[in-house]
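Q:
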Amino acid sequence: MASCLCFRRRRRPIIASSVPFFLLLVSFLASASASSTTTTKLLGSGNNATRRVTFSSEELRGLRSITARLARLRDASVKTIQSPDGDVIDCVPAHLQPAFEHPKLRSQKPEEEPEERPRSSAGRFSDADLDEDDDPLPQVWRRSGEHCPEGTVPVRRTTEDDVLRATASSATRFGMKARGAGLGFARRDSTGGGHEVSANRRSLSHRRGDDGRRSTVNTPIIYLWLCKRSARNLLINGTPHTMKSGNDTNNCVIIVVCLRLASPIHPAQHAVGYVTGGQFYGAKASLNVWPAQVASPAEFSLSQIWVISGAFGNDLNTIEAGWQVSPQLYGDNSPRFFTYWTDDAYQETGCYNLHCSGFVQTSSRVAIGAAISPVSSYAGRQFDVTLLIWKDPRRGHWWLQLGSGALVGYWPSALFTHLGSRADMVQFGGEVVNARPAGAPHTPTQMGSGRFPAEGYARAAYFRNVQLVDWDNNLVPAAGLRLLADRPGCYDIAGGSGGAWGTYFYYGGPGRNARCP
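Going letter by letter, the sequence shown gives residues -34 to -1, 1 to 483 in mature numbering (1 follows the signal peptide of the UniProt record, and there is no 0).
1) Taking the straight line between their C-alpha atoms, what separation do you get for G468 and L36?
2) From P76 to G422, what does the alpha carbon distance come to, in whole angstroms?
3) Counting only runs that start and end within the segment 298 to 345, where is the alpha helix (DSSP H) found for 4 or more residues in a row?
4) Find the nearest neighbour of R38 within the set S23, D53, M391, C57, judged by alpha-carbon distance.
5) For the beta strand (DSSP E) that contains A460, what are its first and last residues?
6) So, are the CB atoms of E286 and T305 less than 8 angstroms apart?
7) Identify which residue in E116, Q245, H384 has its Cα closest to the Cα of F278.
8) Rounded to the nearest angstrom, how far is the Cβ of A65 from that of V326, given a contact under 8 angstroms?
9) Which residues does DSSP list as the beta-bridge partners of L434?
10) Take W256 as the anchor and find which of P359, D309, T242, G288 has the nearest alpha-carbon.
11) Output the distance between the C-alpha atoms of W107 and I55, rounded to the nearest integer angstrom.
12) Cα separation between S110 and I47?
13) Measure the C-alpha to C-alpha separation of L67 and Q294 and round it to an integer number of angstroms.
14) Y296 to S339, Cα distance in whole Å?
15) For N203, which of helix, strand or coil comes out of DSSP?
16) Taking the Cβ atom as the reference point for each residue, do F418 and D452 lie within a distance shorter than 8 angstroms?
17) If we ignore side chains and look at the alpha-carbon of each, how far apart do S292 and R83 end up?
18) Using a 10 Å radius around the Cβ and a threshold of 16 neighbouring Cβ atoms, would you call R402 buried or exposed?
19) Pull up the distance between the alpha-carbon of A94 and that of E265, whole angstroms please.
20) Out of curiosity, what's the CA-to-CA distance linking V241 and S23?
21) Under a Cβ-count criterion, where at least 16 other Cβ atoms within 10 Å of its own Cβ denotes burial, should Y318 be classed as buried or exposed?
22) Could you give the residue range of the beta strand (DSSP E) that holds T352?
23) So, at 6 angstroms on beta carbons, what are the nonlocal neighbours of residue 518 in its own chain, with the 5 sequence-adjacent residues on each side left out?
24) Could you check which residue in T125, F429, T284 has the C-alpha nearest to that of P443?
25) Rounded to a whole number of angstroms, what is the C-alpha to C-alpha distance between G324 and L71?
26) Using CA coordinates, which residue listed in S329, L62, G28, G416 is at the minimum distance from Y376?
27) Just to confirm before moving on: does the CB-CB distance between Q290 and L320 stay below 8 angstroms?
28) Between S262 and chain D, is there a C-beta pair that is closer than 8 angstroms?
29) Decide if G462 is buried, meaning its Cβ has at least 16 other Cβ atoms within 10 Å, or exposed.
30) Mapping DSSP to helix, strand and coil, what is R277?
31) Near N280, what residues of its chain come up, given a Cβ to Cβ distance below 8 angstroms and the 5 sequence neighbours on each side ignored?
32) Y247 and N431 - do their beta-carbons sit closer together than 8 angstroms?
33) May I ask you to report which of helix, strand or coil DSSP gives A383?
34) To which residues of the same chain is A251 closer than 8 angstroms at the C-beta, ignoring the five residues directly before and after it?
35) Check R448 in the structure and name its three-state DSSP category.
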């Protein structure tokens, strides 16, 4: 985790400048102290061991809310399916799924399928006149031949271990991306050949610390002048805060209050294709699925489609779907089908899968968050999944389709501000979180297959038939698709167009290697 270093040295009047800030600080700390309590609980895990976990009062409320929600789902289940990989699938009546706990969706039921789907370039509706795939997304839980009855949706049961892993840093953000870290992309300047513009957080480069490394802070910072040397650790609303000080020549100190986020922000690295500068109403692509190796529980590797709108501040809207390997979220290294959404740049809204209210599932055949199998193998058979996200022109909801017509569900338009009308950016590709501290060797977590694009088919991960949905509900090639890799020596991207694959690209890499130390 990055440390906060004082790096400004200036002369300031001692009394005039320090007293107002000191009073502000005292008031701030007094308020925090009055509202901060912690509780230590012993919780049992799935293997009957016990773990000592300390929660603030706010986090305890969040934990109780999670537990109550999970209990409601289990009680509502009309059938339980034991998956060969250890997952438990609850068949929950569609009208009792988590989505309808959202204030804007209460007392609703899943809506009927949209009357029309995006038209292909041949003029017919895309795959709508075809029978649904026998298995649009092969998942481990269906190997036994069991299935959920019509009128129910399969929900992967969240276990106590799942909650404990995810709440190790914050019980109030279960199933959510870390604040500021969730922007698994960076906004690209539409005028500048892949120039990357800061998307989500203030990043301050400081002078070199005692270890000689250059430090980067990705946390909100408050600068205070005080005429007293101090370095203190604080607990504010259950969240650790750090105060460090540095001296100026007047024996005044610059107090830097580093508001550490509930979950550490780890830099994400990407290899993506994107389009921007227009009005988009959906996206479609086929991507192959790989068992990407993830080196640390704090890291993940994913491949997905992003549908994006809004300013890259607190009102960013995103819809996301794809596959990911996330030991912290799922407890293993299996590639799993996932969804995500946010209406406020990953601050307080949205979540993975069905971990909160919002996404409305309609399929009784697909379990969001369940493992995908089979998957692609190096120099062997390739297994890909086709994803289509589009905005229903009649009702305005954003639907998710798999394969040649199997609908998974929809994100109601009421969840969003900017995406309530359209998207202004679409992105396809891979993302890896590198949890290693600055200056440490790069993570060996893989993106895609763990191989570079130059190795090509059956070796590298790919997106093929990359398309967009236009204003008239037509599927069109992703003309002007720009390719960008944050660190090509770690994870790269290369593409082209033509033939049966239309617009396509290969992407990914091994992480740490001779070009990425």
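Note that the Cβ used here is the ideal one computed from N, Cα and C, for glycine as well.
A: The answer reads as follows:
1) Their backbone Cα atoms lie some 44 angstroms apart in a straight line.
2) Each residue's Cα considered, the two are about 42 angstroms apart.
3) For the segment 298 to 345, not one full-length alpha helix (DSSP H) segment reaches 4 residues or more.
4) Nearest C-alpha to R38 among S23, D53, M391, C57: C57.
5) Under the DSSP assignment, A460 falls in the beta strand (DSSP E) whose first and last residues are 458 to 463.
6) Taking 8 angstroms as the cut-off, the Cβ atoms of E286 and T305 count as close.
7) Each of E116, Q245, H384 was checked against the Cα of F278, and the nearest Cα belongs to H384.
8) Separation of the CB atoms of A65 and V326 is rounded to 4 angstroms, and the pair is thereby assigned contact status at 8 angstroms.
9) According to DSSP, which records beta bridges pairwise, L434 is partnered with A249, V442.
10) It is G288.
11) Answer to the nearest angstrom: the Cα atoms are 8 angstroms apart.
12) Rounded to the nearest angstrom, the two C-alpha atoms are 9 angstroms apart.
13) What sits at residue 67 in the sequence shown is Glu, not Leu. Each residue's Cα considered, the two are about 25 angstroms apart.
14) Approximately 16 angstroms, taken between the alpha carbons.
15) For N203, the predicted model reports a pLDDT of 35, less than 50, meaning its position is unreliable and no value from the coordinates is stated.
16) Contact: no.
17) Between S292 and R83, the C-alpha separation is close to 32 angstroms.
18) Buried: at least 16 other Cβ atoms inside 10 Å.
19) Here A94 scores only 42 on pLDDT, less than 50, and its place in the model should not be relied on; the value that follows carries that caveat. Taken atom to atom, the span from the alpha-carbon of A94 to that of E265 is near 38 angstroms.
20) Cα to Cα, V241 sits roughly 44 angstroms from S23.
21) Result: buried.
22) For T352, the uninterrupted beta strand (DSSP E) segment begins and ends at 350 to 357.
23) What the structure shows of the chain is the stretch from -34 to 483, and residue 518 is not part of that stretch, so it cannot be assessed.
24) With distances taken between Cα atoms, P443 lies closest to F429.
25) Just so you know, the alpha carbons of G324 and L71 end up roughly 8 angstroms apart.
26) Closest in alpha carbon position to Y376, among S329, L62, G28, G416, is S329.
27) No, the pair does not count as a contact, with Cβ atoms beyond the cut-off.
28) The structure shown contains no chain D; it holds only a single protein chain.
29) Result: exposed.
30) The question names Arg, but residue 277 in the sequence shown is Ala. Look at A277 here: in three-state DSSP terms it is coil, with no helix or strand label.
31) Here the set comprises D310, A311, Q313.
32) Taking the C-beta atoms as reference points, Y247 is found no nearer than 8 angstroms to N431.
33) A quick correction: the sequence has Thr, not Ala, at residue 383. In the structure shown, T383 sits in coil (DSSP, three-state: anything other than H, G, I, E or B).
34) Cβ within range, chain order: I271, T352, L353, F394, F429, R430, N431, V432, Q433.
35) Here R448 sits in strand by DSSP.
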